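Please read the structure below before turning to the comments.
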Amino acid sequence: MISAQFVVKRDEFLMDIKLDMPSDGATVLFGPSGSGKTTFINVLSGIIKPTSGIIRFGKDTFFDSENNINIPIEKRGIGYVFQDGRLFPHMSVEENLDFGNRRSAENKSSKEEIIELLGLEKLLKRKPSTLSGGERQRTAIGRAILSCPRFLFMDEPLAALDFARKQEILPYIATLKKNLKIPIFYVSHQMEEVVRLADHLVLLENGKILDHGEIFDVINSPSLALLLGKDDKTSLINCQVGKKQDNDGLSKLIFSGGYFLVNQSNLTPLDNVRIELRAQDVAVALEKPVATSIANILEASVAKIEVSKSTHCDILLSIGNISIWARITEQSAAKLELNTGSKVFALIKSAAIKPF
Amino acid sequence: MFNLTTIEIDAFYLTLKVAFFSVAICLPLGVITAFTLSRLNFPGKWLLDGLVHLPLVMPPVVVGYMLLLLLGRRGVLGSWLYDTFDITVAFTWKGAAIASAVMAFPLMVRAVRLSLDTMDRGLEVAARTLGASRIIVFLAITMPLSLPGILTGTILAFARSLGEFGATITFVSNIPGETQTIPLALYNFTQIPGDQTPAIRLLIISVIIAFAALIASDLLAKKVKNRLGTKSETEQ
């Protein structure tokens, strides 16, 4: 358990945090710019000294204003990937990687592994000034990991990159998250990164926590809808890829209570994946359609009906142990006479399911 | 014309010796002072900043006189140095080096500080997140990255020492073979009516030393730039 309880006062800005975070998986700090996301992880990592408070990582106290404890950055056993990479310009890529590695006592052997994982083999002799933005960020990630941190901080590592470079790096970070068994604190204002990486989500605004918790819960919280300025509902579901492909090249994604069929061939059997399903991609029928192009027809029961201000309803459907949101118009809802507990069928096109 | 007299040869070697030791004093102290002024906050920082810059804004003769009062045989520090270590700096080449160092010090500090102030501080923080202590950060990141400033400061201090006149003549006088550097010897020759060739020879020597220093600094600066990766290398 990581417990943070602190106040940062600076000019006009006041940050007041009281939060316990689980010490496994990826915690994404999400909020508009100026909300204090970076300040938050800079306080945790020791770069910013809070005005008062207590920071504890498990048994270790990193900061305690009452007892005058402030463990310096270099003794906190952290890794930090900055938005701008911050590679040392006078060192080659390899020297940059070695800078942290040299100082860590544990598993030296992992250097080759990390270099291969991040695709840095051909860059080792180059100076940072000759690297592209994506290459620079990959080096920065490798450098942070090679220092064998107990906690990894990432401050919008993709923000300075264009769309193509983002798509290049995001899979690396997702893989790292799976392979490294250390907690990651990730600052982002991109929903794409949130749905893909977050296990826990902390929503920040004006130095205050709006909401926090497991991603599956917080993803549909009113606070997030407010932050994003839209009330789109999204369902995140953990699935396992089926053993082999069948059904004409469609892959099975198994969840507790059924499976989805998706038109993706690049999935590894038995891999754990997460899928994102937008409410507007889910339709509802009272009877099982017979002749249809829709590949996923799942028995469901209505758990909740939310009528929003606009002309549509959001319906929470229970399928086995999972819940997904469906968005239909008010007229449709009236026509189908839906009530809590109604038995329905959820209809999802296979193309609408995005596993990652 | 090109047969140098003993006085001129002595002045030549003495000038180089004084400039060398002046830079040797300035360099470490200048880097530490610049780092202190750029990176640390403490009460009385303005006082240190003012003291460092004093020789830059005061007449050199005044600085020389202050040094004489302070470090002369009967001076506050001078008498202590003499009684405890049997060291005399007034009217010796050591005093000339100290006078040059004092005059060159603000130039050194300003050059190094400028490069420390404009350096990306984020790199130092990044180094610390990688487990490097403050001393390692200073040696492995701060120092190498402020090398252009240190180099500029060294050249400026060296040049200032070569030309130092007022503080030197006041503090250590104009003794041939001991404190008579090229500027002082040149001054002497111009005071004597008649043959001007010795003065012109010293002038030519001065120009040669200055050019050699400039060329050396240029070559070094190019090397440093390459190492810092500021000049993009050929794409592979």
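Chains B and A are the protein sequences, given in the same order. Under my numbering, read the first sequence as residues 3 to 358, first letter to last. Under my numbering, read the second sequence as residues 4 to 239, first letter to last. Heads up, the beta-carbon is just placed ideally off N, CA and C, and yes, glycines get one too. Computed from a predicted model, the values in this text were never measured in an experiment.
>> Looking at chain A, is there any beta carbon in it that lies within less than 8 Å of the beta carbon of SER134 of chain B?
In response: Along the first sequence, read from residue 1 onward, the residue named residue 134 of chain B stands at position 132. No - not a single Cβ of chain A is within 8 Å of the one on SER134 of chain B.
> Which stretch, first to last residue, makes up the alpha helix (DSSP H) that contains MET111 of chain A?
Replying inline: Counting from 1 along the second sequence, the entry for residue 111 of chain A is found at position 108. Segment 96-121, the alpha helix (DSSP H) holding MET111 of chain A.
> When the distance is taken between beta carbons, is ILE56 of chain B closer than 8 Å to PHE65 of chain B?
Replying inline: Walking along the first sequence from the start, residue 65 of chain B turns up at place 63. Walking along the first sequence from the start, residue 56 of chain B turns up at place 54. Closer than 8 Å, so yes.
>> So, with DSSP's three-state summary, where would you put ARG152 of chain B?
In response: For the purposes of this step, residue 152 of chain B is identified with residue 150 of the first sequence, where counting begins at 1. Looking at ARG152 of chain B - three-state DSSP - the assignment turns out to be coil, as it is neither helix nor strand.
> When the Cα atoms are used, what is the spatial distance from THR184 of chain A to PRO62 of chain A?
Replying inline: Here residue 184 of chain A is taken as the residue at index 181 of the second sequence, counted from 1. Here residue 62 of chain A is taken as the residue at index 59 of the second sequence, counted from 1. Spanning the two alpha carbons is a distance of roughly 19 Å.
> Within this structure, are the beta carbons of PHE90 of chain B and ASN98 of chain B separated by less than 8 Å?
Replying inline: Along the first sequence, read from residue 1 onward, the residue named residue 90 of chain B stands at position 88. Along the first sequence, read from residue 1 onward, the residue named residue 98 of chain B stands at position 96. Taking C-beta atoms as the reference points, PHE90 of chain B and ASN98 of chain B count as a pair closer than 8 Å.
>> Quick check: the Cα distance between VAL115 of chain A and LEU229 of chain B, rounded to an integer number of angstroms?
In response: Position 112 of the second sequence, counted from the start, is the residue given in the question as residue 115 of chain A. Position 227 of the first sequence, counted from the start, is the residue given in the question as residue 229 of chain B. Each residue's Cα considered, the two are about 46 Å apart.
>> Quick check: is the beta carbon of ILE4 of chain B nearer than 8 Å to any beta carbon in chain A?
In response: What you label residue 4 of chain B is simply residue 2 of the first sequence in a count that begins at 1. False, the Cβ-Cβ gap to chain A never drops below 8 Å.
> Can you tell me where the alpha helix (DSSP H) with ASN103 of chain B in it begins and where it stops?
Replying inline: Position 101 of the first sequence, counted from the first residue, corresponds to residue 103 of chain B. Taken as a continuous stretch (DSSP letters only), the alpha helix (DSSP H) holding ASN103 of chain B covers 95-103.
>> Rounding to the nearest angstrom, what Cα-Cα distance links ILE307 of chain B and VAL197 of chain B in this structure?
In response: Counted from its first residue, the first sequence places residue 307 of chain B at position 305. Counted from its first residue, the first sequence places residue 197 of chain B at position 195. If you take the alpha carbons of ILE307 of chain B and VAL197 of chain B, they lie about 24 Å apart.
> What is the C-beta distance between ALA243 of chain A and ALA162 of chain A, in whole angstroms, given that I count them as a contact (C-beta under 8 Å)?
Replying inline: Outside the displayed span of chain A (4 to 239) sits residue 243 of chain A, for which this structure offers no information.
>> Just to confirm the assignment: which complete alpha helix (DSSP H) runs, minimum length 4, are found wholly within the stretch 151-181 of chain A?
In response: Whole alpha helix (DSSP H) segments, 4+ residues: 169-175.
>> Considering only DSSP beta bridges, list what ASN240 of chain B is partnered with.
In response: Walking along the first sequence from the start, residue 240 of chain B turns up at place 238. Paired residue(s): B:ARG276.
> So, do the stretch 158-166 of chain B and the stretch 70-86 of chain B have three or more beta carbon pairs nearer to each other than 8 Å?
Replying inline: Per the Cβ contact rule, the stretch 158-166 of chain B is in contact with the stretch 70-86 of chain B (3 or more Cβ pairs under 8 Å).
> With burial defined as no fewer than 16 other Cβ atoms inside 10 Å of the residue's Cβ, what is the status of LYS345 of chain B: buried or exposed?
Replying inline: Along the first sequence, read from residue 1 onward, the residue named residue 345 of chain B stands at position 343. Result: exposed.
> Residues of chain A with a CB under 7 Å from the CB of ILE80 of chain B: which are they?
Replying inline: By 1-based counting over the first sequence, the position of residue 80 of chain B is 78. Correct list: THR132.
> Taking buried to mean at least 16 other C-beta atoms within 10 Å of its own C-beta, is ARG78 of chain B buried or exposed?
Replying inline: Here residue 78 of chain B is taken as the residue at index 76 of the first sequence, counted from 1. Buried, since its Cβ has 16 or more Cβ neighbours within 10 Å.
>> Using beta carbons (cut-off 8 Å, strictly below), is GLY125 of chain A in contact with chain B?
In response: By 1-based counting over the second sequence, the position of residue 125 of chain A is 122. With respect to chain B, the C-beta atom of GLY125 of chain A has a partner C-beta closer than 8 Å.
>> What are the residues in the stretch 198-221 of chain B lying within 7 Å of chain A by C-beta distance?
In response: Residues: none.
> Can you tell me whether ARG138 of chain B is buried or exposed, with buried defined as 16 or more other CB within 10 angstroms of its CB?
Replying inline: Indexing the first sequence from 1 puts residue 138 of chain B at position 136. A residue is called buried once 16 or more other Cβ atoms fall within 10 Å of its Cβ, and ARG138 of chain B is buried on that count.
> Which of helix, strand or coil does DSSP assign to ARG76 of chain A?
Replying inline: Indexing the second sequence from 1 puts residue 76 of chain A at position 73. The answer is coil: DSSP assigns ARG76 of chain A none of H, G, I, E or B.
> Within 8 Å (strictly less), CB to CB, does PRO151 of chain A reach chain B?
Replying inline: Against the second sequence, residue 151 of chain A aligns to sequence position 148. At a cut-off of 8 Å between C-beta atoms, PRO151 of chain A does not count as an interface residue with respect to chain B.
> Terminal residues of the continuous alpha helix (DSSP H) containing LEU13 of chain A?
Replying inline: Taking the first residue of the second sequence as 1, we reach residue 13 of chain A at position 10. The sequence given here places Asp at residue 13 of chain A; Leu does not occur at that position. Its alpha helix (DSSP H) spans residues 9-42.
>> Check whether chain A comes within 8 Å of SER37 of chain B, counting only Cβ atoms and requiring the distance to be less than that.
In response: As a first step, residue 37 of chain B is located in the first sequence; it is residue number 35 there, counting from the start. Chain A contact via Cβ: absent.
>> Since ALA305 of chain B and SER325 of chain B should fall inside the 8 Å C-beta cutoff, what is the C-beta to C-beta distance between them, to a whole number of angstroms?
In response: The residue labelled residue 305 of chain B in the question sits at position 303 within the first sequence. The residue labelled residue 325 of chain B in the question sits at position 323 within the first sequence. Indeed they touch by this definition, with Cβ atoms about 6 Å apart.
> Closer than 8 Å, CB to CB, is VAL88 of chain B near chain A or not?
Replying inline: Here residue 88 of chain B is taken as the residue at index 86 of the first sequence, counted from 1. A quick correction: the sequence has Arg, not Val, at residue 88 of chain B. Yes, because at least one Cβ of chain A sits closer than 8 Å to the Cβ of ARG88 of chain B.
> Of all the CB atoms in chain B, is at least one closer than 8 Å to the CB of LEU117 of chain A?
Replying inline: The sequence position of residue 117 of chain A within the second sequence is 114, counting from 1. Not a single CB atom of chain B sits nearer than 8 Å to the CB of LEU117 of chain A.
>> Measuring straight from C-alpha to C-alpha, what distance separates GLU167 of chain A and PRO186 of chain A?
In response: Start at 1 with the first residue of the second sequence, and residue 167 of chain A comes out as number 164. Start at 1 with the first residue of the second sequence, and residue 186 of chain A comes out as number 183. Taking the straight line joining both Cα atoms gives about 7 Å.
>> Using 8 Å for Cβ pairs, my map puts ASP13 of chain A next to GLY134 of chain A. What's the rounded Cβ distance?
In response: Position 10 of the second sequence holds residue 13 of chain A. Position 131 of the second sequence holds residue 134 of chain A. Between the beta-carbon of ASP13 of chain A and that of GLY134 of chain A there is about 54 Å, and that puts the pair past the 8 Å contact cut.
>> Is there a Cβ of chain A sitting closer than 8 Å to that of PRO34 of chain B, yes or no?
In response: In the first sequence, counting from the first residue as 1, residue 34 of chain B sits at position 32. Look at PRO34 of chain B: its C-beta is not under 8 Å from any C-beta on chain A.
>> As a quick exercise: from A:ILE10, A:LEU154, A:LEU165 and A:THR18, pick the residue whose alpha carbon is nearest that of VAL242 of chain A.
In response: An answer regarding residue 242 of chain A cannot be provided, because it is not within the stretch 4 to 239 covered by chain A.
> Under a CB-based cut-off of 8 Å, is ILE144 of chain A close to chain B?
Replying inline: For the purposes of this step, residue 144 of chain A is taken as residue 141 along the second sequence, with counting starting at 1. By the rule that beta-carbons nearer than 8 Å mark a contact, ILE144 of chain A touches chain B.
>> Tell me the DSSP secondary structure of ASN268 of chain B in three-state form.
In response: Stepping through the first sequence from its first residue, residue 268 of chain B is reached at position 266. The three-state reading of DSSP puts ASN268 of chain B in coil, since its state is none of H, G, I, E or B.
> My guess is that THR41 of chain B and MET17 of chain B are in contact by the Cβ rule of under 8 Å, so how many angstroms apart are they, rounded?
Replying inline: Numbered from its first residue, the first sequence carries residue 41 of chain B at position 39. Numbered from its first residue, the first sequence carries residue 17 of chain B at position 15. About 6 Å separates the two Cβ atoms, so the contact holds.
>> When you compare the CB of LEU148 of chain A with every CB in chain B, is at least one pair closer than 8 Å?
In response: Here residue 148 of chain A corresponds to residue number 145 of the second sequence, with the count starting at 1. So yes, LEU148 of chain A belongs to the interface.
> Using a Cβ-Cβ cut-off of 6 Å (strictly less than) and excluding sequence neighbours within five positions of SER54 of chain B, which residues of its own chain qualify?
Replying inline: Working through the first sequence from its first residue, we reach residue 54 of chain B at position 52. Around SER54 of chain B: VAL9 and SER67.
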